[in-house]
Amino acid sequence: MSLAHEVSFAIDDELCENDPELKQALWTYVAGVIAGRLRSARVRLLDLYAPHGAGEVP
Numbered sequence: 143m144s145l146a147h148e149v150s151f152a153i154d155d156e157l158c159e160n161d162p163e164l165k166q167a168l169w170t171y172v173a174g175v176i177a178g179r180l181r182s183a184r185v186r187l188l189d190l191y192a193p194h195g196a197g198e199v200p
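Take the sequence shown: its letter number 20 is residue 162 in this note's numbering, and every next letter is one higher.
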């Protein structure tokens, strides 16, 4: 189960313009979430379609 977060981008954009460290932290977080979801999707697809014994999933 995953949680979805709704963010007011107008407010965040204004905050990020004034604070580059906040901008970096937000983008790092978002990139991590996207990477995790892509990794999970890859594993699910490999579980469904890869031949058995095709190798280790990193």
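Just so you know, even glycine gets a beta-carbon here, dropped at the ideal spot from N, CA and C.
Exercise. What is the DSSP secondary structure of A183, reduced to helix, strand or coil?
Worked result: helix
Problem set entry | Within-8 Å CB hit, A173 to chain B | The structure shown has no chain B; it contains just one protein chain.
Exercise. Roughly how many angstroms lie between the CA atoms of L188 and A173, to the nearest whole one?
Worked result: 22 Å
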